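Those protein sequence lines, which keep their order, are chains A and B. Going by the working numbering, the first sequence opens with residue 56, and the numbers climb by one from there. Going by the working numbering, the second sequence opens with residue 18, and the numbers climb by one from there. Shown next, in structure tokens, is the structure this report addresses.
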Amino acid sequence: MSTIRVRNLRKRYWSTEALRGISFDINQGEVVGFLGPNGAGKTTTMKILTCFMAATSGDAHVSSYDCSKESITVRQKIGYLPENNPLYADMTAFEYLRYVAELHDVSSSIILERIKDVAVDCGLSDKIHQPIGTLSKGYRQRVGLAAALVHDPEILILDEPTVGLDPNQIVEMRNLIKKLGKEKTVILCSHILAEVEATCNRIIIISEGKIVASGTPAELRGNVEGHANIRLIIRGDRQEVIKMLKKISGVRKVDSYTAKEKGAYGYDLITTKKRDLREAVTQAVFENEFKLLEIQKEVVTLEEIFNEVTKGMKTI
Amino acid sequence: MNFKHINTIMNKELRGYFNSPLAYIFITVFLVFSSWFYFRGFFLNNIATLRPFFTMLPWIFLFLIPAITMRLWAEEQKMGTIEALLTSPISEWEAVLGKFLASFSFLIISLFLSGILPVILFFVGRPDWGMILGGYLGSVLLGGAYLAIGLWISSLTNNQIVAFIFSVITVFTLFIIGQPIVLQTTPVFLTSFFKYIGMGAHFNSILRGVIDSRDILYYVSLIGLFLYFNVTSLKAGNGIASCYYEFIKTI
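As structure tokens, this is what we get:
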């Protein structure tokens, strides 16, 4: 039984269709990254899941409670860090956390303990009595995260949690998310690929209101590795080498260029999908008595996958 | 309905008032203006009555009460904090009542501070206590209705100034509609209706010291109605705001 079940969710704003029927499941304990360009519908999906607004059609269930009908129960189970991390500037971090905890029915006997715990977890203890308006961006983000955690939710939804943080703070935030992912189901919205790759064990890529790809980072790579390259530098006659390389089954295209090394040329092999030709290539090179100087399999980065699927070039 | 939630929101908003200069400005302006206008006539009339104070209150409230309510929802919508609030496991009624009761308590605190006037009267003459108490009851009810209207209008926009101006206009219309000056020019079949829905007539009748359950019922239902509007506008949530926004854009 999945913790979050979304079926054919659609959302229309006045004239634009933000979500065009998306469906996905998230299991307990998963850390799922929601990836997409700005305006793809990530935030809209999160707002529907947190019951902030209703979908136009389709349904969303959290722990088998319907988001539109049993919204209070759903909200109790979710800790939410909204986009841009809105906070009341005139309250101190402590006051704010207590306010949030009271609204989430944290019993008054453990409220102070909970606040202390999340403040320690989020590295907030030293600034807890400062007005939020005077805190730096990094600390504000921690306050937002602490507020999402204070009622110990089963599910954590973080919408762009690292926007505006400096590199050190980003690393800290990612480590914190990783730690939280061990106990909770986490949904992380982001348009930063490295972030999703570093923290999530599953990625859902969404573009123009539709899911265009989903899977583990490795699976996604496998899917796009059509143009997966092998880069070679081989010493020997250029035409002969090209002829030889083209004979190997699975090679779709060979590009060559002059290499730094004297008498050697560089070659880029474009292979057909999901073939690893490194062995076949080295074998052929040795058999034809050329000199292999370098061989390298290019790893597709998430950036390339992202570009590919969000440009609408290919729908997986 | 969970009263703990209402209490939490109410406390937070009340603290918000007193943490900002707004509360002190409001109370000072309210006390200075009302006493100034009151004492201007006081020595001329030479009567120990608070009646001029109460007849003036609707006009002071007209500008001061929208100032109390304008930020309550508009700021939350502008800052986005409304998202954190409405994704907490609370019902819309709890949120609306919490905010309303906070502003209502603030109003009562301000009216309580104006209690120095009847105390002075008590020393210089023999005022009619029944009328004074009736006047305070009427002011509380009238102020409550103004607050409910202002709170609702604040939920329709994310701009405090817009909320303020539209609240003043709406409150003014609803107050003036039952006054003789309007009734003279309205068609006959509408006069009794206008007279009933206008806030002014009910206020004047409470001021006379006649506490009629119909007047009280009128104010309580008016407050209830606008709080209900407020709940529906929150339920429509982003929907309604984006509808307005798109509507304005298309014009």
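Every residue gets a Cβ at the ideal spot worked out from N, C-alpha and C, and that includes glycine. On a predicted model such as this, the values are computed, not experimentally measured, just so you know.
Exposed unless 16 or more other CB atoms sit within 10 angstroms - verdict on residue i
{"i": "F341 (chain A)", "result": "exposed"}
{"i": "R57 (chain B)", "result": "exposed"}
{"i": "L74 (chain B)", "result": "buried"}
{"i": "K21 (chain B)", "result": "exposed"}
{"i": "D331 (chain A)", "result": "exposed"}
{"i": "D310 (chain A)", "result": "exposed"}
{"i": "E93 (chain B)", "result": "buried"}
{"i": "N63 (chain B)", "result": "exposed"}
{"i": "K369 (chain A)", "result": "The predicted position of K369 (chain A) is uncertain, since its pLDDT is 43 and thus under 50; a value taken from the coordinates is nonetheless stated next. When all chains shown are included, K369 (chain A) counts as exposed."}
{"i": "P222 (chain A)", "result": "exposed"}
{"i": "N177 (chain B)", "result": "One detail in the question is off: residue 177 (chain B) reads as Gln in this sequence, not Asn. Q177 (chain B) is buried by the Cβ-count criterion."}
{"i": "L224 (chain B)", "result": "buried"}
{"i": "V219 (chain B)", "result": "Note that residue 219 (chain B) is His in the sequence shown, not Val. Buried."}
{"i": "L239 (chain B)", "result": "buried"}
{"i": "I165 (chain A)", "result": "exposed"}
{"i": "T104 (chain B)", "result": "buried"}
{"i": "E334 (chain A)", "result": "exposed"}
{"i": "A273 (chain A)", "result": "exposed"}
{"i": "I107 (chain B)", "result": "buried"}
{"i": "K266 (chain B)", "result": "With a pLDDT of 49 at K266 (chain B), under the threshold of 50, the modelled position of this residue cannot be trusted; read the value that follows with caution. That one is exposed."}
Rounded distance between the beta-carbons of residue j and residue i, thought under 8 Å
{"i": "P208 (chain A)", "j": "K132 (chain A)", "result": "6 Å"}
{"i": "L248 (chain A)", "j": "L90 (chain A)", "result": "7 Å"}
{"i": "G305 (chain A)", "j": "A314 (chain A)", "result": "Not really, about 23 Å apart at Cβ, beyond 8 Å."}
{"i": "L74 (chain A)", "j": "T99 (chain A)", "result": "6 Å"}
{"i": "V226 (chain A)", "j": "L235 (chain A)", "result": "Actually they do not touch by this definition, with Cβ atoms about 15 Å apart."}
{"i": "N140 (chain A)", "j": "Q224 (chain A)", "result": "Wrong, their Cβ atoms sit about 13 Å apart, outside the cutoff."}
Cβ shell of residue i (< 6 Å), same chain only, five flanking positions each side left out
{"i": "L204 (chain A)", "result": "G134 and V173"}
{"i": "L234 (chain B)", "result": "none"}
{"i": "A180 (chain B)", "result": "M87, A91, I170, S171 and T174"}
{"i": "E263 (chain B)", "result": "Its pLDDT being 49, under 50, E263 (chain B) is placed unreliably in this model, and the coordinates cannot settle the point."}
{"i": "S262 (chain A)", "result": "G91, A95 and T365"}
{"i": "F243 (chain B)", "result": "A165, I166 and W169"}
{"i": "I103 (chain A)", "result": "A110 and A115"}
Proximal residues of chain A, C-beta to C-beta of residue i below 8 Å
{"i": "M18 (chain B)", "result": "Those within 8 Å of M18 (chain B) in chain A number zero; the least Cβ separation is about 12 Å."}
{"i": "S250 (chain B)", "result": "Going along chain A, no residue has its Cβ under 8 Å from S250 (chain B), so there is no contact; the nearest lies around 13 Å."}
{"i": "T25 (chain B)", "result": "Y154, E157 and L158"}
Cross-chain neighbours of residue i in chain A, by beta carbon under 9 Å
{"i": "I7 (chain B)", "result": "What the structure shows of chain B is the stretch from 18 to 268, and residue 7 (chain B) is not part of that stretch, so it cannot be assessed."}
{"i": "G33 (chain B)", "result": "Y143, D145 and M146"}
Per-residue contacts from residue i into chain A (C-beta, under 7 Å)
{"i": "K29 (chain B)", "result": "Y154"}
{"i": "H22 (chain B)", "result": "L158"}
{"i": "N36 (chain B)", "result": "D145"}
Contact set between residue i and chain B, taken where Cβ atoms lie within less than 8 Å
{"i": "Q412 (chain A)", "result": "Since the first residue of chain A shown is 56 and the last is 371, residue 412 (chain A) is not available in this structure."}
{"i": "P137 (chain A)", "result": "G97, E100, A101 and T104"}
Cutoff 8 Å; reference residue i; Cβ partners in own chain excluding five residues on either side
{"i": "L79 (chain B)", "result": "Y163, V185, V188, F189 and F192"}
Contact set for residue i: own chain, Cβ-Cβ below 7 Å, skip 5 residues either direction
{"i": "Y143 (chain A)", "result": "Y151 and I187"}
{"i": "I77 (chain B)", "result": "F47, F50 and S51"}
{"i": "E358 (chain A)", "result": "L248"}
{"i": "L130 (chain B)", "result": "I44 and L48"}
{"i": "Y153 (chain B)", "result": "L128"}
{"i": "S156 (chain B)", "result": "F71, L74 and L128"}
{"i": "G84 (chain A)", "result": "T240"}
Cross-chain neighbours of residue i in chain B, by beta carbon under 7 Å
{"i": "P208 (chain A)", "result": "Going along chain B, no residue has its Cβ under 7 Å from P208 (chain A), so there is no contact; the nearest lies around 10 Å."}
Cross-chain neighbours of residue i in chain B, by beta carbon under 9 Å
{"i": "L127 (chain A)", "result": "For clarity, residue 127 (chain A) is Ile in the given sequence; the question names Leu instead. In chain order: P106, I107 and S108."}
Could you name each continuous alpha helix (DSSP H) segment of 4 residues or more that falls completely within the region 172-250 of chain B, going from the start of the chain to the end? 177-193, 197-200, 205-214 and 216-224
What residue ranges within the region 133-193 of chain A form continuous beta strand (DSSP E) runs of no fewer than 3 residues, ordered along the chain? Within the region 133-193 of chain A, the runs of beta strand (DSSP E) at least 3 residues long that lie entirely inside it are, in chain order, 133-136.
Which whole runs of the beta strand (DSSP E) in the region 210-284 of chain A are 3 residues long or more, in chain order? 210-214, 240-245, 257-262 and 265-270
Tell me the start and end of each unbroken alpha helix (DSSP H) in the region 74-113 of chain A that is at least 4 residues and wholly inside, in chain order. 97-104
Within the region 66-136 of chain B, note down every full alpha helix (DSSP H) run reaching 4 residues or more, in order along the chain. Restricted to the region 66-136 of chain B, the alpha helix (DSSP H) segments that are unbroken, complete and at least 4 residues in length are 68-96, 98-103 and 109-130, listed in chain order.
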